[in-house]
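Peer 1: Before I ask anything, let me first share the structure, which is written out below as structure tokens.
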Amino acid sequence: MLEVCECRSARPESPPTSTPYSYTPLDTPDQFRTIRLLPAESFEAPIECQICIANLSHGSSYEALSYAWGSSSRENSIKCNGQDLFVTPNLLRALKRLRPISTRSISNPGPLNLWVDAICIDQENRKERAHQVGIMKRIYQLASKVVVYLGEDVNFKDSVPSIRMLWLLDSSWYTRMWTLQESLLNPNTIVRHGETMLSWEDLEIGFRSLPPSFRYNAAQRNAILRVQTTRELRLQFRELQGFVQHPQPTDRTIADRLSRMLSLCQYFECGDPRDKVFAILGLVDNLDFNALPELNPDYNTPVTEIYRRFALFIIT
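1 is the number of the first residue of the sequence shown in UniProt numbering; add one for each residue after it.
Have a look at this one:
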């Protein structure tokens, strides 16, 4: 059970002139926020939720959402303890898809505890953001499930399998740098596309089964490349975990593996270029940031300095 549950919402101001969310600071380094997504009677019903406080060391139960932010415009509001929170269109669709719905067979479904980066991290607080990025690996690892949301399509279920795979390839989710942690760190990862659910392994198998004669558009070709890259990264990640956990290997071995992983990630995108480095470092278990303070996530440090420090770590 969650230790504390209280709304930590933003001041409800209308976009585009609204100020950034106003969050109550977290009290301890192990704390992070989740949302309690309340059930509704229909898919289109307004979203209502609470923002709750969870703790890494107290066995909180929650699922973690992975999705493409899409448009940065926060024109859609959800209700949090009666107050307005503005979210992006794609996040609103994801919340509606995952929210418990009352049916004849399930008249009173319980709420869903969910971790969502855009809501659960104060994106305007660089100090908090840096700290939460540093514990994001543990947040994904401790989640009961990671849900990858690829969007909606009313005709998806009625199409032949190969066409369904092509539609899945069109999602901008594959371009995001943070999908590395979101798809690698938790063995219980599922993919949602509208009402359709499949495992990550089924997704990879489906892509490999596509006939080479298909004429892919540029976005689909890039998505296939990223899925293939993710498969290679999974192998690199497993080897890296072995290097870190084994007592004999040196930091040199870890640095080489990180360098290879960063090279594989050159075509992934992120809103802040610092995250290219932070996302890779976040994959490493037992990386002692106290011993390596120059690699600690810090959004106040210039981008060029972050890359210089990482390069020095790799080559020295």
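Each residue gets a CB set at the ideal place from its N, CA and C atoms; glycine is no exception.
Small disclaimer: the values here were computed from a predicted structure and weren't measured.
Nearest-angstrom Cα distance between Asn81 and Ile53?
Peer 2: Each residue's alpha carbon lies about 14 Å from the other.
Peer 1: Can you grab the Cα-Cα spacing for the pair Gln83 / Asp298, in whole Å?
Peer 2: Rounded to whole angstroms, Gln83 to Asp298 spans 31 Å at the Cα level.
Peer 1: Is the beta carbon of Ile190 sitting closer than 9 Å to the one on Lys145?
Peer 2: Yes, Cβ-Cβ distance for Ile190 and Lys145 is below 9 Å.
Peer 1: Quick one: Cα of Arg208 to Cα of Phe86, how far?
Peer 2: If I take the Cα positions, the gap works out to 39 Å.
Peer 1: What's the gap between the Cα of Phe32 and the Cα of Ser172?
Peer 2: Their backbone Cα atoms lie some 27 Å apart in a straight line.
Peer 1: What are the boundary residues of the alpha helix (DSSP H) that includes Met136?
Peer 2: From DSSP, the alpha helix (DSSP H) with Met136 extends over 126-142.
Peer 1: Please report the residue range of the beta strand (DSSP E) in which Cys265 lies.
Peer 2: Counting along the chain, Cys265 falls outside any beta strand (DSSP E), and DSSP gives it neither H nor E.
Peer 1: Would you mind working out which of Phe268, Asp30, Thr24 sits nearest Glu135, comparing C-alpha positions?
Peer 2: Just to set this straight, residue 135 is Ile in the shown sequence, not Glu. The option with the nearest alpha carbon to Ile135 is Asp30.
Peer 1: Pull up the distance between the alpha-carbon of Ser22 and that of Asn90, whole angstroms please.
Peer 2: Spanning the two alpha carbons is a distance of roughly 22 Å.
Peer 1: Just verifying my parser: in three-state terms, what is the DSSP assignment at Thr34?
Peer 2: Residue state, collapsed to three classes: strand.
Peer 1: Can you give me the C-alpha to C-alpha distance between Gly282 and Lys137, rounded to a whole angstrom?
Peer 2: So the alpha carbons of these two residues sit roughly 6 Å apart.
Peer 1: Report the three-state DSSP secondary structure of Ser57 (helix, strand or coil).
Peer 2: DSSP places Ser57 in coil when its eight states are reduced to three.
Peer 1: With a CB to CB cut of under 8 Å and the five nearest residues on each side skipped, what residues in its chain are close to Gln141?
Peer 2: Taken in chain order, the residues that qualify are Leu185, Asn186.
Peer 1: Which residues does DSSP pair with Ser77 in a beta bridge?
Peer 2: Partner(s): Phe86.
Peer 1: What residues in its chain sit with their C-beta under 6 Å from that of Val148, if we drop five residues either side in the sequence?
Peer 2: Excluding sequence neighbours, Val148 sits near Ser66, Val191.
Peer 1: In angstroms, rounded to a whole number, what distance separates the CA positions of Phe268 and Ile119?
Peer 2: The alpha-carbon atoms of Phe268 and Ile119 are separated by roughly 23 Å.
Peer 1: Cα separation between Pro249 and Arg309?
Peer 2: Residue placement at Pro249 is poorly supported in this model, since its pLDDT is 49, which falls under 50; the coordinates are not used for a value here.
Peer 1: Would you list the residues sitting across from Lys145 in a DSSP beta bridge?
Peer 2: Note: Lys145 sits in a beta bridge opposite Glu63.
Peer 1: Within 10 angstroms of its Cβ, does Ile315 collect 16 or more other Cβ (buried), or is it exposed?
Peer 2: Under this definition Ile315 is an exposed residue.
Peer 1: Should Pro247 go down as buried or exposed, given a rule of 16 or more other Cβ atoms within 10 Å for buried?
Peer 2: Its pLDDT being 41, under 50, Pro247 is placed unreliably in this model, and the coordinates cannot settle the point.
Peer 1: Please check the pair Leu150 and Leu37, which I expect to be a contact at CB under 8 Å, by giving their CB distance rounded to whole angstroms.
Peer 2: Between Leu37 and Leu150 the Cβ distance is about 19 Å, and since that is not below 8 Å, they are no contact.
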